[in-house]
Amino acid sequence: MLHPKMRKLFIGVDIHKRTHVAVIINCFTEKLGELRFENNKKGFEKLIEFVKSHLKRGISPCFGLEDTSGNGRNFAIFLLNLGYTVKSVDASLTYTERRNQAIAHKTDGHDAFCVAKVLLNQLDTLPDASIHDDSWTLQLLVSRRNSIVKIRAASKNQVHSYISHHYPSYPKFFTVTYCKAGMEFFQNFPSPSKLKGITKEELAEFLSIHSSGFFGIEHAEKILMLVAKDGDTSTEYQETRDFIVSHCIKEIKHCNEELEVIEAEIKKHMKQFPYRLETMPGINTITAAMLISEIGDIRRFSSSDKMCRYSGISPVSCSSGDKDKNFRNKQGNRRLYEIFRDIASRNICRGRDKKSPINETFLEYYNKKISQGKTKRQALIAVMRQIAKVIYSMMIHQREYIKPTISKTENT
1 MLHPKMRKLF IGVDIHKRTH VAVIINCFTE KLGELRFENN KKGFEKLIEF
51 VKSHLKRGIS PCFGLEDTSG NGRNFAIFLL NLGYTVKSVD ASLTYTERRN
101 QAIAHKTDGH DAFCVAKVLL NQLDTLPDAS IHDDSWTLQL LVSRRNSIVK
151 IRAASKNQVH SYISHHYPSY PKFFTVTYCK AGMEFFQNFP SPSKLKGITK
201 EELAEFLSIH SSGFFGIEHA EKILMLVAKD GDTSTEYQET RDFIVSHCIK
251 EIKHCNEELE VIEAEIKKHM KQFPYRLETM PGINTITAAM LISEIGDIRR
301 FSSSDKMCRY SGISPVSCSS GDKDKNFRNK QGNRRLYEIF RDIASRNICR
351 GRDKKSPINE TFLEYYNKKI SQGKTKRQAL IAVMRQIAKV IYSMMIHQRE
401 YIKPTISKTE NT
């Protein structure tokens, strides 16, 4: 009786933007063929014909895709529509396979061969390539939002570096530098040279208009006094530096407008999901969207422990003989890890009154871990794991947040 793997051909595909490379091997890791094909329907059909030329009676193909940037989505849909078995191969597995030789080298063909070997060796454990348009679209929206946030942060850093020379005391001008009045001030008066001839009454009127009357004559006097105290900070090519500051402020404003639009679209798209993650403290609609986009189909995790391991929260066990020690996991999905860390940080902090905690249960659990001798980082990771379990339960059962009761004997 033949082993099931002897009835299959294993096709590893290295995904790229314009072309893909496929390598066919049998169950004995013998390379049967290699083909580079274009990332379009014509190229996909060419590969299918190439694969069929190597098929014999009773043999079926199995595809493994190493797709790190989403360029192989159309190809995966094409294969699934034809009824083929398609597995998703993580890049770390391919990397390990590639390094597992005396002289490591890297080519597209060799990468595809390594993908095929991983597919052969781990056929039963590799996840199926699943195509969910709703979560994929949400991931695109979240990715776009993250890109805009990074652009805005870069512009803010540039503004800080410039106005720190123009206005050494600028942190005292406004409690929040990038409030509406603050941005209008620095856009119109990027350096003290632009304030020459401006009276305190004129500045007070300007600030009042752009702060809905919050700032007045007293604040104008304060700013002018700080500017006078700093002295003349003009340098050569001051006009050019002023132009850069004004341009950066305009870019920040544009990013704020774009964020409002894309966040509204995210909230609109979130209505398609049955989850109610926003009912948990520390999770708003945007955070919930980030969670769903990274986790995808929650049913692919059979338990919360597997989701914790996937996100890099669970510790890594290292044992030898009678010695066993756990270490912090530095692998896993780091984006999902950062999301859980942010949620945990919000849940253990106190509210605006600095007295009542945001989430008393998790704060008590955090303090308990500290009292047991854990470091602050270790205690926070323990809270992250508890929160991950709660979120897993909320998603798998599609229910609202219920305040958890953590057992006193539980030790993470």
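Numbering-wise, this note's numbering puts 312 at position 312 of the sequence shown, and it's gapless, one number per residue. Glycine included, every Cβ here is placed at the ideal spot set by N, Cα and C.
In this structure, the straight-line span from the alpha carbon of I343 to that of M384 is close to 8 Å. Counting the other Cβ atoms within 10 Å of the Cβ of Q386 gives 16 or more, which makes it buried. Excluding residues up to 5 positions away in sequence, I24, I25, N26, L32, V51, H54, L55, I59, S60, P61 and C62 lie with their Cβ nearer than 8 Å to the Cβ of L9 in the same chain.
Taking each of I252, R335, H397 and S293 in turn and checking the Cα distance to S135, the smallest one comes out for S293.
When only Cα atoms are considered, G216 and L277 end up about 42 Å apart. With a contact defined as Cβ atoms closer than 8 Å, P127 and S88 qualify at about 5 Å. In the displayed model, G109 falls within a helix according to three-state DSSP. Around the Cβ of D124, a 10 Å sphere holds fewer than 16 other Cβ atoms; the residue is exposed. Apart from sequence neighbours up to five positions away, the residues of its chain that approach K267 with a beta-carbon distance below 6 Å are T285, ordered along the chain. For D14, the pairing in a beta bridge is given by DSSP as V21 and E66. Inter-residue distance for N39 and T85 is about 19 Å (C-alpha atoms, whole angstroms). Selection T279, E258 and R341 evaluated against S147 yields E258 as nearest (Cα-Cα). About 46 Å separates the Cβ atoms of V245 and D108, ruling out a contact at the 8 Å cut-off.
According to the DSSP assignment, L32 belongs to the beta strand (DSSP E) that extends over K31 to E38.
Beyond the five residues adjoining it in sequence on each side, S319 comes within less than 8 Å, by CB distance, of K325 in the same chain, given in chain order. In this structure, D232 is the residue among D232, G373 and I131 with its C-alpha nearest to the C-alpha of K194. In the three-state scheme derived from DSSP, where H, G and I count as helix and E and B as strand, N326 is classed as strand.
The alpha helix (DSSP H) runs lying completely inside the stretch 315-395 and spanning 4 residues or more are 334-348 and 360-371, given in chain order.
Note on geometry: alpha-carbon atoms of T199 and I348 lie some 48 Å from one another. Per DSSP, K87 lies in no alpha helix (DSSP H) segment; the continuous beta strand (DSSP E) that holds it begins and ends at T85 to S88. Looking at the backbone, the Cα of R350 and that of K180 are separated by about 28 Å. Within the stretch 170-201, the complete alpha helix (DSSP H) segments at least 4 residues long are 180-188, listed from N- to C-terminus. Residue environment analysis places L291 among the buried positions, since at least 16 neighbouring C-beta atoms fall within 10 angstroms of its C-beta. Under the three-state reduction of DSSP, L126 is assigned to coil, being neither helix nor strand. Comparing alpha carbon positions, the residue from T94, Y178 and P192 closest to E66 is T94. Runs of the beta strand (DSSP E) lying entirely within the stretch 206-285 and spanning at least 3 residues: none are present. Rounded to the nearest whole angstrom, the C-alpha separation of L82 and K46 is 14 Å.
For D305 and K389, the gap between their C-alpha atoms comes out near 8 Å. Distance from the CA of K156 to the CA of E205, rounded to the nearest whole angstrom, comes to 26 Å. Relative to the Cα of I131, the nearest Cα in the group Q331, I262 and G296 belongs to G296. Counting the other Cβ atoms within 10 Å of the Cβ of E97 gives 16 or more, which makes it buried. By the neighbour-count criterion, in which 16 or more other beta carbons inside 10 Å mark a residue as buried, R377 falls on the exposed side.
Rounded to whole angstroms, E184 and K117 show a C-alpha spacing of 60 Å. Counting along the chain, the unbroken alpha helix (DSSP H) around R98 starts and ends at A91 to R99.
In the DSSP assignment, H3 falls outside any alpha helix (DSSP H) and carries neither an H nor an E. S311 has its alpha-carbon roughly 8 Å from the corresponding atom of Q331.
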